[in-house]
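K.L.:
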Amino acid sequence: MWLRVHISLIKELVRTQCLCYHEWHSHVQKWCMQDWCSLEMELIRERGIWGAELSSSLDKYMLDMTEGPCRIRRKLIPNPTFYHHYPYRPYLDSPEAKAMRAKVAVSNDSKLYYAAIKRRHGKIPEQRIIDLSSTVYTPSDECSDLLFTDMQEISTSMIRRISIKHDLSKDSDETECVVNEKDVNEADEGNVEENGVDEEDSSIERQHVRNEQKNGIQENEGISIKLKDGSMERKRGPDNQTLLRLLEQGEQLHSMFRCARVQGLDTSEGLLLFGRQHYYVVDGFTLLKTKEIRDLDFLPQELHDPIVPYMACGTSHPVRRTRLCSKFSYNDIREVHRRRYLLQPIAIEVFSADGRNYLLAFPRRMRNRVYQKFLSLARLLKNSGSESVGGQRSTAPVEQTSRVSLLTSLIGQQSVTHRWVRGEISNFQYLMHLNTLAGRSYNDLSQYPIFPWILRDYESEDLDLTDPRFFRDLSKPMGAQNLERLEQFLKRYREWDDPTGETPAYMYGTHYSSAMIVVSYLVRLEPFTQHFLKLQGGHFDLADRMFHSVGDAWLSASRNNMADNGVALDDVVLPAWAKGDAREFVRMHRQALECDYVSANLHNWIDLIFGYKQRGDAATEANNVYHHLFYEGNVDFDSIEDPLTRNATIGFINNFGQIPSQLFKKPHPQKKVAYTDVYSSFPGVTTQRLFYHSFDSLKVPAQPVKELKSTVGSLIPLEKGGVLALETNRALLSPNRYISWGFPDRSIRIGAVDSERSTCIHEFCESSEITCCACGDSRTIFTGSSTGKVCVWDLTERSPRIRFRRTLTAHTEAITALAVCSAQTLLVSGSRDGTAIVWHLSALTFIRQLRPHPSAVTAVAINDATGDIATASGSTLFLWSINGRLLSVVDSVDKASFDQFPNVILSLAFSTLYEWDPENVVMCGGSDGTVRIYCMEFVRNEDDLNPRTSQLPATLQISINSAVALQQRLERQRQRLQLLSSTTSSDTPSAGSQNGSPESIFCPPINLYTDEKLDCSWSIWKKLLVPKFSLTTHTAFNRKDNPHPASITAISPSRDHRTLYVGDSVGRVWSWQISDEIGARADHWVQDPSRSTCTQCMQKFSLAERRHHCRNCGHIFCNRCSRFETDIKHMKISKPVRVCQSCFLRLKAEGVS
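In full-length UniProt numbering, the protein residues as written are 1 to 1153.
(1) Would DSSP call Gln277 helix, strand or coil?
(2) Of the choices Leu63, Leu13 and Ala1104, whose alpha-carbon is the least far from that of Arg524?
(3) Could you pull the DSSP bridge partners for Phe1117 from this structure?
(4) Among the residues of its own chain, which have a CB less than 6 angstroms from the CB of Trp1085, if the five just before and after it don't count?
(5) Just the Cα atoms here: how many angstroms apart are Val838 and Trp496?
(6) Could you tell me whether the stretch 466-475 touches the stretch 539-553, where touching means 3 or more Cβ pairs closer than 8 angstroms?
(7) Quick one: what's got a C-beta closer than 8 angstroms to Ser1092's C-beta in the same chain, skipping five residues either side?
(8) At the level of alpha carbons, what is the spacing between Glu594 and Ser426?
(9) For Ile348, tell me which candidate among Ile1051, Arg356, Pro69 and Leu360 has the shortest Cα-Cα distance.
(10) For chain C, is any of its Cβ atoms less than 9 angstroms away from the one on Tyr430?
(11) Any heavy atom of the ligand GTP closer than 8 angstroms to the beta-carbon of Arg492?
(12) Thinking Pro87 and Ile130 are a contact (beta carbons under 8 angstroms), I'd like their distance in whole angstroms, please.
(13) To test your reading of the DSSP string, which unbroken beta strand (DSSP E) runs of 3 or more residues are found completely within the stretch 473-511?
(14) Roughly how far, in whole angstroms, is the beta-carbon of Ala810 from the beta-carbon of Phe846, given that I think they are within contact range, below 8 angstroms?
(15) Would DSSP call Val518 helix, strand or coil?
(16) Can you tell me which of the three DSSP states Arg689 falls into?
(17) Rounded to the nearest angstrom, how far is the Cβ of Ala823 from that of Pro1053, given a contact under 8 angstroms?
(18) Going by DSSP in three states, Val1137 sits in which element: helix, strand or coil?
(19) Using DSSP with H/G/I as helix, E/B as strand and the rest coil, what is Gln1099?
(20) Restricting to Cα atoms, I'd like to know which of Pro854, Ser855 and Ala872 is closest to Ile862.
(21) With DSSP as the reference, identify every bridge partner of Arg730, one or two as the case may be.
(22) Once DSSP output is grouped into helix, strand and coil, what is the label at Ser1030?
(23) Suppose the cutoff is 8 angstroms on Cβ atoms and the five residues either side in sequence are ignored; what does the same chain contact list for Glu1105 look like?
(24) Who are the near neighbours of Thr771 in its chain, counting only those whose CB is closer than 6 angstroms to its CB and skipping five residues on each side?
(25) Who pairs with Lys1022 in a beta bridge, going by DSSP?
(26) Please classify Glu1046 as buried or exposed, where buried requires at least 16 neighbouring CB atoms within 10 angstroms.
(27) Quick one: what does DSSP say Asn903 is sitting in, helix, strand or coil?
(28) Report the three-state DSSP secondary structure of Tyr458 (helix, strand or coil).
(29) Taking the beta strand (DSSP E) that Met923 belongs to, which residues open and close that run?
(30) Identify which residue in Asp596, Ser881 and Phe630 has its Cα closest to the Cα of Ile609.
(31) Among Lys1135, Asp1041 and Ser911, which residue has its Cα nearest to the Cα of Arg689?
(32) Near Leu343, which residues of its chain fall below 7 angstroms by C-beta distance, leaving aside the five closest residues on each side in sequence?
(33) Residues in its own chain within less than 7 angstroms of Glu719 by CB, not counting five upstream and five downstream?
(34) Is there contact here, the stretch 279-291 with the stretch 321-337, by at least three beta-carbon pairs under 8 angstroms?
(35) Going by C-alpha distance, which of Asn435, Gln481, Tyr442 and Gln447 is nearest Ile454?
(36) Relative to the C-alpha of Arg485, which candidate in Ala557, His121, Tyr521 and Lys671 has its C-alpha closest?
Here it is in C-alpha cells:
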C-alpha cells in the first residue's frame, strides 16, 4: 500500500519535472527561432554578408508607420512577409481552379519568387512561400498546425524535434490550466487587481541569479517581487525568462499594466512596463490576477479575458502574429493624449520624438492612472505650439473667447486657430492639428484623419485656381453637392419611422470615413492590402467596385454610387492636369489646398466636421445628420448587458466609422493673412516672396557675415534669424555642443560651440580612420570609417561618455558622406564604392541602396519636408525620391564648353518652406566656386511623339537599341551647341567679358542615363532638373574680378527662406538676400575693383566719373555710355532701368520683333 503511494508520488514528481522542462524547452525554441530568423534576414539581405549585391524586382515594400513633418507618412520599408501572405499556390495554375482563384488573394510574383528561392536553396525551399493545400483560408482563420509552423526551420531534424516536443507541451498546457484556475480562484478571493501592478503595491526588479542546483532542479533567472511586508517572492518560469530577454541589462521595473496595442484593424495585447530610464510595450504577454506574467501563446483561452473583444477585430479567437517589443526613453516622449477607442474613453496615444506613436487601450478605470504615470515620467514634453502635434499648448483651449484670447496672448498661450488665422501655419498643418485634437489617429482605421475634397474638375488639361467652378462647395457636405442626390436623403429623413424608437432619423447611413473606405483607397499599399482582405473575407472585391480612377471616385462620392465599366485594374487613373505623374497629382492637390479660394472658405468645412454644424439644429439646417451610432456619447456600453448586442454594437462602430470630437461650438473664424512681400508663383496662390522667387533681386554684401579659421563645414540656420557656422570635421550635437573628429590620435571630441576646449575625448583602439560624422539627436552619433562601416554610438548626457551600440555594414569601401534627417527618420551613407545606402534612423535597419553612381559619392542631402534625397558623384547631381526612385540626373559641367573649370560637387541643399511650391530648388556648390540652382520642371517627352516606340512594352522600351540612344544624345548635343553659339553672339557685349546675361549662365542639362533608367512613366511629359541660376560673386574661379575665389563647402537657406547662406573653403560665410530695389546689384555684375576704365569708351574712373553697371550684361560703364533706360523682360524687371548702349539696342529690337 505505502509502496504504491510512494511510487505514484515519484511518478507525479517526475512527470511534473518533465512537463516543466518541456515548457522551458518550448519557450527557448520559440524565441531562439525568432532571433535566428532576424539574424538570418540581416545576413542574406541586399548588400548583406551573404546577400545579393543588387536589388531584385521581386522585392516588396510596405508603408513605414513612423510619421514625418505634419504627421505625413511617406517612407516605404522592406516587407519580408509579403510572400508569406501571398504564397505560391500550384493548384491554382490548373484551368479547373478558375472558381477557386476568385476566393483567394494571389500575387503574380509569387511563382517567380518561389522559383528563384528554389534555385538558390535547392530542394528545400522556404515552406512559408508555398501553399500546397487546396483549402482556402481567410485571414481570420487559424490553422491548428504545430506552434512553430509559422517560423523558419533550420533543418529537417529540427522539424522532427519540434513536432515531438509540441505533443508533450500540450499536456504541459493542460496541467498549467488546472494550476492557473486554482490560482485565479484564490486571487478572486483575495481581491487582487488583475489589470496592473504599480510601485505602490510592489517593486519588480530584474535579477540575474547564477545557476544553482537545489534538489536536482536547475534554477534560472527570474523576477523578484518585493512585497509590502518586506518578504521576497521570486517568480520563475519560462514566461518571466522570455520577458527578461527583451529588457535592458539591469533594468528595474516599478510598474506594469495590461494593454492592447491598436494598429489598423489589429489589436495586439501585451504589457506596458515602466523602468528606470525606459518604458516598454511588449506584445504577447498578459498579467493574471495572481500578478503572474504569462505568454498568451501558452495560456489557455478560457483563462484570458481580452481587453478588446475579438469580434471588434473581426475574429472569434486570438490570432498569432509577429511579436513586437518596443523600447522608448522617457526623454523621447513628445506628447501624451487621452483617446477614445470604439467610442469608449479607454485609450492613450503616446507620441515619440522619432516619429513613432502608439495607441494603447487599457481596461476600464485604468486609463487615467496610466496617463498620470506618463506625465510624471516624461521629462521633455513638447508643450509649445510650434513643436506640439496639436499645434498649441495642452492647457490652452481650442476655442477661445475674445477676453480669454487677450489673456492667453499676453502669456504666450495662443490657440492653434489664432495661429492659422494670422497665417503662421498652412491649411494642411491646421487641418492635421484639428484632427489630432479631435482624437483622429492613423492607428485606428475607424478614426483616420479627415481632409476635404477640394477639387471637382478631373478632366481639364490645366487647373485654374482662380475659378470657383474648379472647386467643390466647402459649405455643404459631400451628400449635398448634388441637388438630386440631396433630395433623396432628405426624403428618407422626413419619412423615417422606427417602430422601436431606438434609432432617430438620419440622412446618411454611411460615414465619410470608415475602415472600409480607408483601406479601399489604400488597397495598393501594404499593410492596407491585408486589412482590405480581412474585411473582404480573404479575397479582393469585384473589379468594378475597386478604387480605380480619381475622377470616378469624385463622381461616386458627390453624385451617385457608381462602378467602373469593365476597365482592367492597374495603377490609379489620374486626371489630365497631373500629367501622368503621381507626385505632381499630390503636389497640385496640396497647392490647391493652400490657394486663396480655399483659404477664404475652409472655415465653412471646419464648421461641418469639427464645428457647430456637426450636431443639433445647425447640423439639420446644413443637411449634415448621420446615423446616431457614429456620434460620441450616444452609446453607453455599460448599460448593454447582452454580450451579443454589445459585440455587435462594437463591430458596427469599428467598421462604419466615428464622428470626430466636436471642437467648436461657435462659427469658425475666417483666415485673413496680409503678407509684407506678396508673390504669386501660380495664379490664385499668394505667398511670401522667398529667395528662389527672385534670383535677379539677390544681392550679397562686399564683406562676409562671418569668418572662420578654416573651411566652413556646415551651416545651421537659427530659429530667431542668423546662422551658426561650424568648421570642417565638426557636427552640431545640441544647441550649444558640437562633436569633432579627424585628429591625429583618431579620437572623437565633444566641445562647446563658443569654446575651443573639449569636454569629452573618446579614443579608438581600431586601426580604421573616421572619415565623416553625423548626429541624429543629442544622444546618438553616427561615424563613417575608412573600412566602409557606419558605427552607431550612444552619448550619455549627465557625464559625457560615448558607448558603442552597433555597426551598419553594406559598403565595401570608405564612407565619404553621411546625412541624417530626424524629421523623416532617415540616415543616408555615401561611399567611395559608388553607392548610397538608405537606413532607418530609429530601427537602424537597411532600407535600400541608391545606385549607380559613376564614381565616389561626394555629397548627400535630405529634404526635411519631402524626404527627397540628393546625391553627388563628381560633377553629377542625382535626385531621388524618399523611396529610391531616380527622379532626374544632371551634370553641373557643360562638356561641350572648353573654358569650363573642373568641378566636383561638395555641398547640397534644398528649399523646404513650401513643399508644394512648383519653384522649389535644389542647390549644389562645387570646387569651382559656383553655386548652381536647379528646379524640377515638366518638359515634353520627344521620344513618345513616335507612336511606334510609345506602344512598345516596358521591357522592350528599356532595351532600346544603343545606336538610337547614341543618335538622340548627339542630337541633344547639337541643339546645345546651337543654343550656346546663339546666346554667346547675342548676350556677350565684348570678347573680353567674363559674364553674360543671367539667362545664359547654364546650358541645357546633359543626361548621363537613358530616359528609361530614370524610372519615368512613358507619357507625354517628364519632369527633369532644369538650371535656374548661379551665384558666382566672391567665390567663382572663372571670374577674374574675384580676388579670392574658393570652393563652396556649405549651403543653407534661412528659416524664413528670405536669405541664402554660402560657406567656402577659406572660412567665409556669404549672405545672399532679397533686395527691395528694382534692378539692384545682381550676381552677374562685374565687381568694381576689377575695372578702372569704361568697358566701351575706356574712360578712366575717378571721383568725378563714377562707375555704373548695366543691369542686363552686368559690365561697368561710364555715365555717358550707360545713360539708356529700358525694361528687361527676361529678368522680370518691368520698370525702366540703366543699361548700356548695346544692350539697349538689342532689347529694343527684341521687343519690336
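All C-beta atoms in this analysis are idealised placements derived from N, C-alpha and C, irrespective of residue type, glycine included.
P.N.:
Reading from the atomic positions:
(1) Numbered from 1 along the sequence shown, position 277 holds the residue referred to as residue 277. Coil, per DSSP.
(2) The residue given as residue 524 occupies position 524 in the sequence shown. Out of Leu63, Leu13 and Ala1104, Leu63 has the C-alpha closest to the C-alpha of Arg524.
(3) By 1-based counting over the sequence shown, the position of residue 1117 is 1117. Per DSSP, His1108.
(4) Residue 1085 sits at position 1085 when you count from the first residue of the sequence shown. Result list for Trp1085: His1109 and Gly1114, in chain order.
(5) Residue numbering aside, residue 838 sits at position 838 when the sequence shown is read from its first letter. Residue numbering aside, residue 496 sits at position 496 when the sequence shown is read from its first letter. Going from the Cα of Val838 to the Cα of Trp496 covers about 58 angstroms.
(6) no
(7) The sequence position of residue 1092 within the sequence shown is 1092, counting from 1. So the qualifying residues of the chain are Lys1100 and Phe1101.
(8) Here residue 594 refers to the residue found at position 594 of the sequence shown. Here residue 426 refers to the residue found at position 426 of the sequence shown. One C-alpha to the other measures close to 7 angstroms.
(9) In the sequence shown, counting from the first residue as 1, residue 348 sits at position 348. Relative to Ile348, the option among Ile1051, Arg356, Pro69 and Leu360 whose CA is nearest is Leu360.
(10) Note that chain C does not occur in the displayed structure, where there is just one protein chain.
(11) This structure simply doesn't include the ligand GTP, nor any ligand for that matter.
(12) Start at 1 with the first residue of the sequence shown, and residue 87 comes out as number 87. Start at 1 with the first residue of the sequence shown, and residue 130 comes out as number 130. Indeed they touch by this definition, with Cβ atoms about 5 angstroms apart.
(13) none
(14) For the purposes of this step, residue 810 is taken as residue 810 along the sequence shown, with counting starting at 1. For the purposes of this step, residue 846 is taken as residue 846 along the sequence shown, with counting starting at 1. So it is a contact: roughly 6 angstroms between Cβ atoms.
(15) Residue mapping note: residue 518 aligns to position 518 of the sequence shown, counting from 1. Here Val518 sits in helix by DSSP.
(16) Numbered from its first residue, the sequence shown carries residue 689 at position 689. Of the three classes helix, strand and coil, the one that applies to Arg689 here is coil, per DSSP.
(17) Taking the first residue of the sequence shown as 1, we reach residue 823 at position 823. Taking the first residue of the sequence shown as 1, we reach residue 1053 at position 1053. With a Cβ gap of about 15 angstroms, Ala823 and Pro1053 do not count as contacting.
(18) To locate residue 1137, count along the sequence shown from 1; it is residue 1137. Strand at Val1137.
(19) As a first step, residue 1099 must be located in the sequence shown, where it is residue number 1099. Gln1099 falls in the coil class under three-state DSSP.
(20) For the purposes of this step, residue 862 is identified with residue 862 of the sequence shown, where counting begins at 1. Cα-wise, what sits closest to Ile862 is Ala872.
(21) Along the sequence shown, one-based indexing puts residue 730 at 730. Bridge partners of Arg730: Ser740.
(22) Walking along the sequence shown from the start, residue 1030 turns up at place 1030. In the structure shown, Ser1030 sits in a strand (DSSP, three-state: E or B).
(23) The residue labelled residue 1105 in the question sits at position 1105 within the sequence shown. Excluding residues within five positions, the ones whose Cβ falls inside 8 angstroms are Gln1099, Cys1118 and Asn1119.
(24) By 1-based counting over the sequence shown, the position of residue 771 is 771. So the qualifying residues of the chain are Gly784, Ser786, Ala814 and Ile815.
(25) If you number the sequence shown from 1, residue 1022 lands on position 1022. Val939.
(26) For the purposes of this step, residue 1046 is taken as the residue at position 1046 of the sequence shown. First, the amino acid is wrong: residue 1046 is Ala here, not Glu. Buried: at least 16 other Cβ atoms inside 10 Å.
(27) Along the sequence shown, read from residue 1 onward, the residue named residue 903 stands at position 903. In this structure, Asn903 counts as coil in the three-state DSSP scheme.
(28) Here residue 458 corresponds to residue number 458 of the sequence shown, with the count starting at 1. Three-state result, Tyr458: coil.
(29) Working through the sequence shown from its first residue, we reach residue 923 at position 923. First-last of the beta strand (DSSP E) with Met923: Val921 to Gly926.
(30) Along the sequence shown, read from residue 1 onward, the residue named residue 609 stands at position 609. The candidate whose alpha carbon is nearest that of Ile609 is Phe630.
(31) Locating residue 689 in the sequence shown gives position 689, where the first residue counts as 1. The residue with the shortest Cα to Cα distance from Arg689 is Ser911.
(32) One-based indexing of the sequence shown puts residue 343 at position 343. Hits under 7 angstroms: Glu632, Val635, Ile653 and Gln658.
(33) Locating residue 719 in the sequence shown gives position 719, counting from the first residue. Same-chain partners within the cutoff: Arg1055.
(34) Output reads yes: the stretch 321-337 touches the stretch 279-291.
(35) The count along the sequence shown starts at 1 and reaches residue 454 at position 454. The closest CA to that of Ile454, considering only Asn435, Gln481, Tyr442 and Gln447, is found on Gln481.
(36) Position 485 of the sequence shown, counted from the start, is the residue given in the question as residue 485. The candidate whose alpha carbon is nearest that of Arg485 is Ala557.
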